[in-house]
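Asks: In the working numbering, the protein residues as written are 11 to 279. Think of the CB as a built atom: it goes at the ideal place given N, C-alpha and C, for glycine as much as any other residue.
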Amino acid sequence: DLGKRQLKFIPLPMLHWPDSMASYMPEEQLLFSNDAFGQHICTTKRFDDENDLSDLIYEAEKYYANIIMPFGKIVVKALEKCRSIPLKMIAPSHGVVWRSHIQDIFTKYDQWANGINDPKVVIAYDSMWGSTEQMARRILDGVAASGATGRLYKMSTSERSEVVRDILTCAGLLIGSPTLQNGMMPTMGALLTYLKGLRPANKLGAAFGAYGWGGGAQTALEEMMKSAGIKLEEPGLTLKWVPDKAELDQCFAFGLAFGQRTLASLREK
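#1: Alpha carbon to alpha carbon, how far is residue 207 from residue 233? Give it in angstroms, no decimals.
#2: Does the Cβ-Cβ distance between residue 148 and residue 258 come in under 9 Å?
#3: Taking DSSP's pairing of strands, which residues face residue 34 in a bridge?
#4: What's the C-alpha gap between residue 36 and residue 44?
#5: Starting from the C-beta of residue 114, find all residues in its chain whose C-beta is less than 8 Å away, skip the five residues before and the five after it, and write them out in chain order.
#6: Near residue 103, what residues of its chain come up, given a Cβ to Cβ distance below 7 Å and the 5 sequence neighbours on each side ignored?
#7: Nearest to residue 213 by alpha carbon, out of 38, 177, 201 and 194?
#8: Look up residue 215 in the DSSP assignment and say whether it is helix, strand or coil.
#9: Could you name the residues of the same chain whose beta carbon sits closer than 7 Å to that of residue 271, not counting the 5 residues immediately before and after it, in chain order?
#10: Using the beta-carbon count (16 or more within 10 Å), is residue 122 buried or exposed?
#11: Check whether the stretch 84-92 touches the stretch 133-140, taking contact to mean three or more Cβ pairs, one atom from each stretch, closer than 8 Å.
#12: Residue 172: which of 120, 97 and 69 sits nearest, CA to CA?
#13: Thinking C-alpha only, which one of 14, 175 and 253 is nearest residue 131?
#14: Span of the beta strand (DSSP E) holding residue 102?
#15: So within the stretch 147-188, which uninterrupted beta strand (DSSP E) runs reach at least 3 residues, ignoring any that extend past its ends?
#16: By the 10 Å Cβ neighbour count, where 16 or more other Cβ atoms means buried, how is residue 253 classified, buried or exposed?
#17: Write down the C-beta distance between residue 39 and residue 98 rounded to the nearest angstrom, noting that I regard them as a contact closer than 8 Å.
#18: Does residue 12 come out as helix, strand or coil in the three-state DSSP assignment?
#19: Hey, residue 106 and residue 25: beta-carbon distance below 9 Å or not?
#20: Assuming residue 150 and residue 265 are in contact, meaning their beta carbons sit under 8 Å apart, how far apart are those beta carbons, in whole angstroms?
#21: Around the Cβ of residue 210, are there at least 16 other Cβ atoms within 10 angstroms (buried) or fewer (exposed)?
#22: Give me the DSSP bridge partner(s) of residue 248.
#23: Which residues in the same chain have their Cβ closer than 7 Å to the Cβ of residue 80, if we skip the five residues on either side of it in sequence?
#24: Please give the ranges of any alpha helix (DSSP H) in the stretch 73-133, keeping only runs that are unbroken, at least 4 residues long and fully inside the region.
#25: What separation, rounded to the nearest whole angstrom, lies between the Cα atoms of residue 55 and residue 61?
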């Protein structure tokens with residue numbers, strides 16, 4: 011009891027700390043939501059309707075993907091609690107205050123928490139001498155030919171948090187690396203270790219890459235993808251040395267088939 015106003019505490023454990031909770035002020039119908047519904051954004055425009063909604067959703071998606079993603083089942087229960095109380099504003103610990111687009115962010119959290127994916131394939135790779143990069147670009151052409159949306163990221167030049175934002179809503183994930191010391195490139199190991207903690211939901215996956223003297227990257231990639239909860243339904247693709255035209259055609263066919271399988275998996279749901 012604060013005098014003219016009261017605060018009611020709503021436990022939200024693991025969003026994203028064990029002791030997390032929200033505070034509700036019934037007189038103002040205001041929810042202080044802690045980490046939930048946050049964005050890593052700094053602006054003098056403190057309310058959602060003072061900002062471009064697409065920018066806010068983008069930042070909220072990035073925040074969710076990199077911080078809240080592992081706790082989808084808990085988010086579903088938290089949304090039930092939030093929807094059970096009258097709300098005029100939501101003030102998260104990070105980012106702007108929601109007042110005009112509360113239902114919009116609720117809808118997005120529903121999608122993200124339940125693993126509802128877009129017809130999209132993310133291709134994340136790194137390359138040493140360019141062979142795996144040639145493969146990745148031709149695989150992207152095949153994915154596009156299937157009708158799926160393709161996103162291509164070279165991890166040595168891409169921001170990991172941005173890549174993970176895209177992975178949150180992709181239905182298919184292709185990971186590529188050349189072989190380095192019988193394993194994968196360090197950049198790919200970093201991404202997959204990060205994904206293992208985030209546990210992205212409902213993803214089809216496959217590995218690809220080139221090698222010279224001896225392979226090993228594809229096996230290492232597949233093992234780490236499995237440990238991150240990614241379902242490997244496609245055989246991977248490994249090529250030796252620099253791909254020739256016939257092998258690049260093989261990459262196109264690989265991307266086309268994977269894109270088709272990805273779209274089919276969405277129809278099955």
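Replies: With the given structure in hand:
#1: Distance between the alpha carbons of residue 233 and residue 207 is about 15 Å.
#2: Yes, they are a contact pair.
#3: Looking at the DSSP output, residue 34 shares a beta bridge with 18 and 41.
#4: Going by the C-alpha atoms only, they are around 17 Å apart.
#5: So the list reads 63 and 67, once near-sequence residues are dropped.
#6: So the list reads 44, 45 and 48, once near-sequence residues are dropped.
#7: It is 177.
#8: DSSP places residue 215 in strand when its eight states are reduced to three.
#9: Contacts found: 214, 243 and 244.
#10: Residue 122 is buried by the Cβ-count criterion.
#11: Counting Cβ pairs under 8 Å, fewer than three are found: no touch.
#12: Measuring from the Cα of residue 172, the nearest candidate turns out to be 69.
#13: Measuring from the Cα of residue 131, the nearest candidate turns out to be 175.
#14: Looking at the DSSP string, the run of the beta strand (DSSP E) that includes residue 102 is 99-102.
#15: List check, beta strand (DSSP E) in window: 159-164 and 180-186.
#16: The residue is buried, with at least 16 neighbouring Cβ atoms inside 10 Å.
#17: Indeed, because the Cβ distance is near 4 Å, the residues count as touching under 8 Å.
#18: Here residue 12 sits in coil by DSSP.
#19: Residue 106 places its beta carbon 9 Å or farther from that of residue 25.
#20: Between residue 265 and residue 150 the Cβ distance is about 6 Å, and since that is below 8 Å, they are a contact.
#21: Counting every other CB atom within 10 Å of its CB across the protein chains shown gives residue 210 a total of 16 or more, marking it as buried.
#22: 219, per the DSSP bridge assignment.
#23: Taken in chain order, the residues that qualify are 207, 208 and 209.
#24: Listed in chain order, they are 82-93 and 112-123.
#25: When rounded, the distance between both Cα atoms is 7 Å.
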